[in-house]
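Asks: According to mature numbering (1 follows the signal peptide of the UniProt record, and there is no 0), the stretch in the sequence shown is residues -22 to -1, 1 to 213, in order.
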Amino acid sequence: MAASKALFSLSFLLCSLPAIISQSFIRIPSDRSVVDNDIYCESWRLSVETNNSGKWSLVPSSCASYVEKYMNGDKFLSDSEVAFDNMLAYAATVEVGSDGKDAWIFDVDETLISNLPYYKLYGEATLLPVSLRFYKKLQQLGFTIILLTGRTESQRTVTVQNLLKTGYSHWSRLILRNTTEKNDTALVFKSRRRAELAKEGYKLHGCSGDQWSDLVGYPMAKRIFKVPNPLYYLS
């Protein structure tokens, strides 16, 4: 009898759920001829971050102030924290061996440090604090840290200085473009270098970057994580 009542209750709930959801939780808005600019810019940013926009070159002029507020406000920090929380949750599930081959790949600019035009102009980059906390957590878990950046070999010294000054240290390898790779797209360059790492026996457990070209291509890491960057696109 109890089982019958439970079955009836479950059936009633399932039958009632669509009506409950439609009435209480989800309201599909009607078409609107006028959209608030901040709402449009938020939708534009989502399209960029999910790569629905594909290749793009400029932030829409109507969204310039929105992007400035986003990058300097709590929303960017919160989005970054959620992204890195997800990375840490995954990293904690990996059984890291003692052979040094369990690797995590990081992009550098807009992933570990901010290289906004202001800092580029004055030759320095600034810290992204959430990134540094995750970086150190990975080291505590025993991952081998590999930095794979689109910067060139001519920038090695300043890149190392930027990283050390902002708190990063003890990476296993810092991979930059050599002279024969300067015209390669980021996708081609980073895919090739990940393939070389895989051939060396590295297990590419995770890869973090602000551009989809940091993450996709062959081979890919077992898990890829996109951190927010609505400022520019690199193919």
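We treat Cβ as the ideally placed atom computed from N, Cα and C, and that holds for glycine.
Remember, it's a predicted structure, so these values are computed and weren't measured experimentally.
1) Is DSSP giving Y210 helix, strand or coil here?
2) Are the CB atoms of S191 and V205 nearer to each other than 8 Å?
3) Alpha carbons only, please: which of M49, S109, E73 is nearest the one belonging to K181?
4) For T104, does the three-state DSSP call read helix, strand or coil?
5) Go ahead and pull the three-state DSSP assignment for L193.
6) Would DSSP call A70 helix, strand or coil?
7) Hey, would you say G184 sits closer than 8 Å to A69, going by beta carbons?
8) Given a cut-off of 8 Å on the beta-carbon distance, is the pair L55 and K115 in contact?
9) Just curious, the alpha helix (DSSP H) that G21 is in, first and last residue?
10) If you reduce the DSSP assignment to three classes, tell me which class T144 lands in.
11) Since K204 sits in a beta bridge, which residues does DSSP pair it with?
12) Counting only the same chain and skipping the five closest in sequence on each side, list residues whose C-beta sits under 6 Å from that of C19.
Replies: Short version:
1) Residue state for Y210 is assigned as coil, using DSSP reduced to three classes.
2) Against a cut-off of 8 Å, the Cβ pair of V205 and S191 comes out as no contact.
3) When only C-alpha atoms are compared, the closest one is E73.
4) Strand.
5) Residue state for L193 is assigned as coil, using DSSP reduced to three classes.
6) In the three-state scheme derived from DSSP, where H, G and I count as helix and E and B as strand, A70 is classed as coil.
7) The answer is yes: Cβ separation under 8 Å.
8) In this structure, K115 does not lie closer than 8 Å to L55 by Cβ.
9) Inspection of the sequence shows that residue 21 is occupied by Ser rather than by Gly. S21 -> alpha helix (DSSP H) spans 15 to 27.
10) Assignment of T144 by DSSP, reduced to helix, strand and coil, places it in the coil class.
11) Beta-bridge pairing links K204 to G187.
12) Residues of the same chain with a CB within less than 6 Å of the CB of C19, apart from the 5 flanking positions on each side, are C41, Y44 in chain order.
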